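K.L.:
Quick one: structure below, then a few questions.
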Amino acid sequence: EASSSDDFQTLLSWADKHRRLKVRANAETPEDAAKARELGAEGIGLCRTEHMFFEAERIDLMRAMILSESKDERQGYLDQLLNFQRDDMLELFKVMDGLPVTVRLLDPPLHEFLPHDEAEIEALAKRIGKSAEKIRDIVKDLAEVNPMLGFRGCRLSVVYPEITEMQVKAIISAAVAAIEAGHKPLPEIMIPLVVNVREIRLVSAIIDRGIRAVLAEKKISVPYKIGTMMETPRATLGADRLAGEVEFMSFGTNDLTQMTYGFSRDDAGKFIPQYLEKKLIEADPFVSLDQRAVGRLMEMAVSESRARKPGIKYGICGEHGGDPRSIQFCHDLGLDYVSCSPFRVPVARIAAAQAKVKREMGNS
Ligand code: PEP
Ligand code: MG
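Residues in the sequence shown are numbered from 506 upward in steps of one, following full-length UniProt numbering.
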């Protein structure tokens, strides 16, 4: 007698035969990547590199780097961070052998990398050999009123190009090492929180510089792609021009929802329950894609981008990428893939197949 787990596998193989959308996972650790692969992910659609720096030793290096007072001091920390970044990326490339890994450049709400209270400042001062006084001053300078709308994403590359260069060198050196070890890494470098085409050109130039620096010493070719997140209304309203500069685009619907509504992602929990109770909204827009608003921005972006560059690859990597109703919308929109948390991959595979079947039945 077939177990329910066998039935589920049968259902999944039916789904894989019928779906058009690819399903990727959001993952940063080799463990999550392996889990994602086991659950059928066809790549990593979002590796949030800022998460790779939260561990003990790294967070101190990261903090020290951000608190640096000179370019030289910063470069010293970046050189150490590069080793961690390269080793981590190598592990991911090994696990995802032959499948694309979309690595997003650092997108920190900067405050998450800073010490928060006096005790933390004192402790950090001892560990990184900087005066508590000095740290206090810099932290005060870096404090933001609206961190989620502040010094994030590619804005960091604009102010600190050396951070981006470090990351790119790490990603490409890891890819080279993976190739030398007999693996097939497929890195896709993704620029976060883009607003306009000039940012993409500026960051792409930094990326090219990093890649050339690594490959100048190696007689090896690394198959990489450069792409952009689509997560600000401004980016969706000029998508054709952005498409002209990149090979793939991926909707970050968490931020796109935040900015379309003007609902802070970090504070929405304080009032959304009341909005739902009073029927001011039908569903939590951070869970289920608001097709009438965020969806329309997405439609506009995809059609303009494809008019400019017909084959451009399009994905989604916000939380909505794992929500069945949103997946139907992404299928109808003609996206190439959805990317979601590893544990949601099986459900996304089924939702993607249902989306296609439903559309075909609707059209016949
Ligand atoms: C998004 O904004 O939808 C996204 C995927 O990026 P993050 O959640 O890391 O801001
Ligand atoms: Mg985002």
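Each residue gets a CB set at the ideal place from its N, CA and C atoms; glycine is no exception. These numbers come from a predicted model, not from an experiment.
(1) From this set, Asp565, Asp789, Asp841 and Leu785, which residue's C-alpha is nearest Arg811's C-alpha?
(2) Once DSSP output is grouped into helix, strand and coil, what is the label at Met754?
(3) To the nearest angstrom, report how far apart Pro697 and Leu610 are at their CA atoms.
(4) From Gly581 to Ile712, what distance separates their C-alpha atoms?
(5) What span of residues does the beta strand (DSSP E) with Leu691 cover, start to end?
(6) Give me the residue from Tyr729, Glu782 and Arg797 with the minimum Cα distance to Thr762.
(7) Drop a sphere of 10 angstroms on the beta-carbon of Glu693, count the other beta-carbons inside from all chains shown, and report buried for 16 or more, exposed for fewer.
(8) Indicate whether Ile855 and Leu516 have their beta-carbon atoms separated by less than 8 Å.
(9) If I follow the unbroken alpha helix (DSSP H) through Gln588, where does it start and stop?
(10) Rounding to the nearest angstrom, what Cα-Cα distance links Ala679 and Met695 in this structure?
(11) Within 7 Å: the Cβ of Thr758 and any heavy atom of the ligand PEP?
(12) Pull up the distance between the alpha-carbon of Arg553 and that of Glu533, whole angstroms please.
(13) Name, in chain order, the residues that DSSP records as bridge partners for Thr733.
(14) State the CB to CB distance for the pair Met805 and Thr741, rounded to an integer number of angstroms; the pair is presumed to be in contact (CB under 8 Å).
(15) Which runs of the alpha helix (DSSP H) fall wholly inside the segment 795-854 and span at least 4 residues, in chain order?
(16) State the start and end residues of the unbroken alpha helix (DSSP H) segment that holds Ala530.
(17) Measuring alpha carbon to alpha carbon, tell me which of Glu578, Leu586 and Lys861 ends up nearest Arg563.
(18) Can you find a C-beta in chain B that's less than 8 Å from the C-beta of Ile821?
(19) Mind checking which residues open and close the alpha helix (DSSP H) that includes Arg770?
(20) If Val719 sits next to Ile677, beta carbons under 8 Å apart, how far is it from one beta carbon to the other, in whole angstroms?
(21) Just the C-alpha distance for Ala561 and His523, rounded to the nearest angstrom, thanks.
(22) To which residues of the same chain is Asp828 closer than 6 Å at the C-beta, ignoring the five residues directly before and after it?
(23) Checking the sheet assignment: what are the DSSP bridge partners for Leu551?
(24) Near Ser769, what residues of its chain come up, given a Cβ to Cβ distance below 7 Å and the 5 sequence neighbours on each side ignored?
(25) Where do the ends of the beta strand (DSSP E) carrying Pro605 lie?
(26) Tell me the DSSP secondary structure of Pro778 in three-state form.
(27) Let me check understanding here. Comparing Cα to Cα, which of Val702, Ile626, Asn531 and Val650 lies closest to Arg739?
(28) Distance check for Thr758 and Leu802, CA to CA, integer angstroms please.
(29) At a threshold of 7 Å, does Glu736 count as lining the ligand MG (C-beta to nearest heavy atom)?
P.N.:
This is what the structure holds:
(1) Asp841
(2) Reduced to three states, the DSSP call for Met754 is strand.
(3) C-alpha separation (whole angstroms): 7 Å.
(4) 20 Å
(5) Leu691 to Ile696
(6) Arg797
(7) Buried.
(8) With contacts defined as CB atoms closer than 8 Å, Ile855 and Leu516 qualify as a contacting pair.
(9) In the sequence as displayed, the identity of residue 588 is Asn instead of Gln. Its alpha helix (DSSP H) spans residues Lys576 to Val600.
(10) 16 Å
(11) Thr758: yes, Cβ under 7 Å from the ligand PEP.
(12) 6 Å
(13) Ile696 and Met754
(14) Right, their Cβ atoms sit about 6 Å apart.
(15) 799-813 and 829-838
(16) Looking at the DSSP string, Ala530 is not in any alpha helix (DSSP H); the run it does join, the beta strand (DSSP E), is Lys527 to Asn531.
(17) Comparing alpha-carbon positions, the option among Glu578, Leu586 and Lys861 lying closest to Arg563 turns out to be Leu586.
(18) Among the chains in the structure shown there is no chain B, since it carries only a single protein chain.
(19) Here Arg770 belongs to no alpha helix (DSSP H), and DSSP marks it neither H nor E.
(20) 4 Å
(21) Going by the C-alpha atoms only, they are around 45 Å apart.
(22) Ser793
(23) Asn531
(24) Met653 and Gln763
(25) Pro605 to Arg609
(26) helix
(27) Val702
(28) 11 Å
(29) In this structure, Glu736 has its CB closer than 7 Å to one or more heavy atoms of the ligand MG.
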